[in-house]
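Chains as they are written, first to last, in our numbering: chain A, 2 to 263; chain B, 88 to 414.
From the three backbone atoms N, C-alpha and C, an ideal C-beta is built for every residue, glycine too.
Scroll down for the structure; my scribbles are underneath it.
Structure follows, in structure tokens:
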């Protein structure tokens, strides 16, 4: 419980720091523009050619928005892990964290926080609601729960990605760029209609990194594209599992750091 | 029982070297030669509660590695280390709750926020009860004269002011052991004195054990009763400061200011004479020739205007010691 309190305290301080700089509304706007312009290519394409089979622009956008929102949540609340490989470990700040009698996990997660990152979440949520409205999905309690759980699960998956990256950063700092496949690139994948996705990729993004589990499956369940509704609820357990795995790697990394030093 | 006990601690690091010669950058990207460096080579010592120890040695001698092992950041390759009945790297959280660490070149305060906010966060990190936190903060703020700075953002503080706040931050949770890594580096005289004063007081009143790594010999001289010298990962000297002086600097020095420049000539009893303009520095051994006789001889031979007798500069002693030990 004290960990949660400490984490909130960190967020509070970061919030104060952020507000010290006058430019923060501009930053919010900046992220918003990035988020909105990102899928514009698809939208234009669909606008010109209509839909691909039964894949309308709303469908694609819904799945995409699910992924983006999850990513945004993780990015907002676990920013510290996102920065960890590039900043914290290089500057030696990690030593400082090791000197404090509390969870390293909380300290790293709380080491950076940017309020403007949350605009990605709002943009994503807006897009989800718009898509559901256009697809004429009735918002029952069950559907709302499914989507909520999916977003939490998705947030955990992305948090897992950040934690995993940080764990690997203990072993190699230079060659970590490929990790972007899991972060920024991974939600681009969701823009590709699943029916046209190669089998290999589909398996990869289901069983290795559960991207589709947190975006396509809940969307399919809510919109009634499949008959197996329960698959849509798999997001949370999948996210938990992935995060657990990542935490394991992170632990190994910390141990490695302690035995090798800088 | 000793509060800190290290036995046969060894630690090696592997560093990769870039190949030399032409195209070295290119080859370095693919092939790397590994080199093993012994950072600590069989270090053993014990420190009792309330001791104030100066830990000195040239850069790269292994000072920070030792401190890192003692504070639980690093695991040694071999050896035994027990601090307050705990093995630091095995019970990290319990261990670090009772120690404090000050890095002279790194800050633990939040750059953009008032000092007070950083302290509040530390209160939560160390779970300090509210009343004792208030009391302690007041005590430290008065002693370090930082009450007026608490509402200032850290980025606006001078180095000396920041260092004082830094020390307060490290002492907030009343640690039993304090590690100080070059605490006085680059700060002004007033802050330096304030810093030393509070360190002495903490040590005297609360019995806090302190281990101080520094290059500033004044720090060692004013604070530490015991010094440890480390070089190439080995402990070279461990004992009282005055014994170190007796072994490596048995001489006294007389600074004689003359009315006019005189070219140096030998005076009986003087071990070494250095002349710079109208100032002579004469070294002699007080065990062989008493100081007043040496002064008398100088007064007879030279047109004296003024005279200062002192010990040899401690920096010179250390430099000489490093040299003798081939560092």
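Straight-line measurement puts the Cα of residue 77 (chain A) at about 6 Å from the Cα of residue 119 (chain A).
Under DSSP, residue 268 (chain B) forms a beta bridge with B:190, B:300. Excluding five sequence positions before and after residue 200 (chain A), none of the CB atoms of its chain fall closer than 7 Å to its own CB. Closer than 8 Å at the C-beta level to chain B, one finds these residues of the segment 99-112 of chain A: 99, 100, 101, 102, 103. For residue 183 (chain A), the secondary structure class from DSSP, reduced to helix, strand or coil, is coil. With a 10 Å radius around the Cβ and a threshold of 16 neighbouring Cβ atoms, residue 157 (chain B) comes out buried. Taking a beta-carbon distance threshold of 9 Å, residue 123 (chain B) does not count as an interface residue toward chain A. The C-beta distance from residue 350 (chain B) to residue 362 (chain B) rounds to 7 Å, short enough to fall under 8 Å. For a cut-off of 8 Å, the C-beta gap from residue 256 (chain B) to residue 196 (chain B) is around 6 Å, short enough to register as a contact.
For the segment 240-260 of chain A, the set of residues with a beta-carbon nearer than 7 Å to any beta-carbon of chain B comprises 259, 260, in chain order. Three or more Cβ pairs closer than 8 Å define a contact, and the segment 5-17 of chain A meets that threshold against the segment 104-122 of chain A. Secondary structure at residue 188 (chain A): helix, using DSSP grouped into helix, strand and coil. Residue environment: residue 334 (chain B) is assigned as exposed (fewer than 16 neighbouring CB atoms within 10 Å of its CB, all protein chains considered). For residue 141 (chain B), the enclosing beta strand (DSSP E) covers residues 139-143.
Under the Cβ criterion of 9 Å, residue 181 (chain B) is counted among the residues facing chain A. Sequence-distant partners of residue 59 (chain A) (beyond 5 residues in either direction) whose C-beta falls short of 7 Å from its own C-beta, in its chain, are 132, 135, 136. Secondary structure of residue 240 (chain B) (DSSP, three-state): strand.
Listed in chain order, the non-local C-beta contacts of residue 157 (chain A) below 8 Å within the same chain comprise 75, 237, 240, 241, 243, 244, local neighbours out to five positions each way being set aside. For the C-beta of residue 10 (chain A), the chain B residues within less than 9 Å are, from N- to C-terminus, 207, 208, 211, 212. Setting aside the 5 residues that flank it on each side, residue 144 (chain B) is surrounded in the same chain by 150, 316, 317, 318, each with a C-beta closer than 7 Å to its C-beta; the list follows chain order. Judged by pairs of C-beta atoms under 8 Å, the segment 159-171 of chain B does not touch the segment 269-285 of chain B, as fewer than three such pairs exist. Around the beta carbon of residue 312 (chain B), fewer than 16 other beta carbons sit within 10 angstroms, so the residue counts as exposed.
Taking C-beta atoms under 8 Å as the contact rule, residue 214 (chain A) and residue 235 (chain A) qualify, at a distance of about 5 Å.
Sorting A:38, A:143, A:165, A:224 by C-alpha distance to the C-alpha of residue 85 (chain A) places A:165 at the top. Listed along the chain, the chain A residues whose CB falls inside 7 Å of the CB of residue 241 (chain B) amount to none; the nearest CB is some 11 Å away. The C-beta distance from residue 33 (chain A) to residue 124 (chain A) rounds to 6 Å, short enough to fall under 8 Å.
The Cβ atoms of residue 264 (chain B) and residue 298 (chain B) sit closer than 9 Å to each other. Annotation for residue 213 (chain B): 260 place their beta carbon closer than 6 Å to its own, counting only its chain and skipping 5 residues before and after.
For residue 96 (chain B), the secondary structure class from DSSP, reduced to helix, strand or coil, is strand.
Residue contact with chain A for residue 263 (chain B): absent (no Cβ-Cβ distance below 9 Å to any residue of chain A). DSSP places residue 217 (chain A) within a helical segment (H, G or I) once states are collapsed to three.
Assignment of beta strand (DSSP E) within the segment 330-394 of chain B, counting only whole runs of 3 or more residues, yields 339-345, 357-363, 366-371 in chain order. Between the segment 137-147 of chain A and the segment 101-112 of chain A there are fewer than three inter-stretch CB-CB distances shorter than 8 Å, so the stretches are not counted as touching. Within a 10 Å sphere around the beta-carbon of residue 245 (chain B) sit fewer than 16 other beta-carbons, which makes this residue exposed. Listed by position along chain A, the residues whose Cβ is nearer than 7 Å to that of residue 195 (chain B) are 97. The beta carbons of residue 284 (chain B) and residue 258 (chain B) sit about 13 Å from each other, so the pair does not count as a contact at 8 Å.
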